[in-house]
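Residue numbers (our numbering): 49 to 187. We put the CB at the ideal spot given by N, CA and C, even for glycine. Just so it is clear, the structure is predicted and the values come from calculations on it, not from any experiment. Working notes for the structure below.
Okay, here's the thing in structure tokens:
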């Protein structure tokens, strides 16, 4: 087996693994949209961080208790470049959608873009490229 075949299979496996990751992310977002329940949560803090350019990003951390469940504290996965609007600070109430099977998977309106279609399309593109590498190596 030549180095070209080894590298081709390596890229096929790596890209195939990445596509599976994007498919899993798309599935989680789909599940949240379909099975998610709305609950009132309290903003417990606002975490400030920097993005790759050094610009500030603000992430809400919310706490809620699902019906019949244990209290949950979750940080939003995406931040905003500015602090929360007036009236949306610590102690304020917000509605969040959470997955009853995994309450730490939640969506905070205005802080998380859907991304389902993006994750699905990237997964499909990576799977296609991985398949092309595999076909090339077999042929």
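Excluding residues up to 5 positions away in sequence, 129 lie with their Cβ nearer than 8 Å to the Cβ of residue 103 in the same chain.
Take residue 182, set aside five residues on each side of it, and the residues of its chain with a beta-carbon closer than 6 Å to its own are 60, in chain order. Unbroken beta strand (DSSP E) stretches of 3 residues or longer found wholly inside the stretch 108 to 160: 120 to 123, 141 to 147 and 150 to 155, given in chain order. Under the criterion of beta carbons closer than 8 Å, residue 72 and residue 144 do not qualify as touching, at roughly 22 Å.
Nearest neighbour of residue 164 by Cα position, chosen from 55, 53, 79 and 54, turns out to be 79. Within a 10 Å sphere around the beta-carbon of residue 151 sit 16 or more other beta-carbons, which makes this residue buried.
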